[in-house]
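For reference, the structure is listed below as structure tokens.
In the numbering used here, the protein residues as written are 3 to 137.
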């Protein structure tokens with residue numbers, strides 16, 4: 003993977019993680035039972051983005067511990083903010099735990115990409131240094 007591809011993938015994953023944070027905010031709104039019909043529409047949009055971007059990311063790279071099934075399971079278990087707000091405490095905590103596991107997994111993948119990016123920068127820097135030394 004070249005540096006431009008890694009850079010684009012890092013940007014895509016950072017944006018994707020922002021959507022995961024918004025998903026969490028909607029879960030918090032559900033827990034507090036403080037949401038509007040507009041929030042429900044935005045929640046549906048976030049779920050659409052999470053699902054579509056997942057496919058783009060999976061087509062570009064191997065995501066290791068995160069699979070399509072885990073993400074789809076979380077999305078399917080959250081049809082609306084209203085449904086989440088009506089979950090019993092155990093079910094809600096399970097949803098939170100599932101979200102957290104996925105969020106940490108995506109953060110780990112982002113960190114791995116940043117390591118690759120740094121390695122490429124180091125290699126290109128060393129390569130140009132050796133070329134200058136040889137000249």
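We put the beta carbon where it would ideally sit given N, CA and C, even for glycine. Since the structure is predicted, the reported quantities are computational estimates derived from the model, not experimental observations.
Same chain, Cβ closer than 7 Å to residue i, neighbours up to 5 away in sequence not counted
i, result
"residue 53", "77"
"residue 31", "37, 41 and 83"
"residue 26", "101"
Straight-line Cα distance separating residue j from residue i
i, j, result
"residue 9", "residue 103", "25 Å"
"residue 90", "residue 43", "23 Å"
"residue 83", "residue 64", "31 Å"
"residue 34", "residue 123", "46 Å"
"residue 18", "residue 126", "28 Å"
"residue 81", "residue 20", "20 Å"
"residue 39", "residue 121", "47 Å"
"residue 58", "residue 51", "10 Å"
"residue 74", "residue 56", "10 Å"
"residue 24", "residue 105", "11 Å"
"residue 72", "residue 92", "19 Å"
Neighbourhood of residue i by C-beta distance below 6 Å, restricted to the same chain and skipping five residues each side
i, result
"residue 94", "none"
"residue 100", "76"
Beta-carbon gap between residue i and residue j smaller than 8 Å
i, j, result
"residue 111", "residue 66", "yes"
"residue 115", "residue 48", "no"
"residue 108", "residue 15", "yes"
Proximal residues to residue i (C-beta, below 8 Å), its chain only, five neighbours per side dropped
i, result
"residue 97", "29, 76, 79, 80, 86 and 89"
Ranges of the alpha helix (DSSP H) found wholly within the region 76-130, counting only runs of at least 4: 83-87
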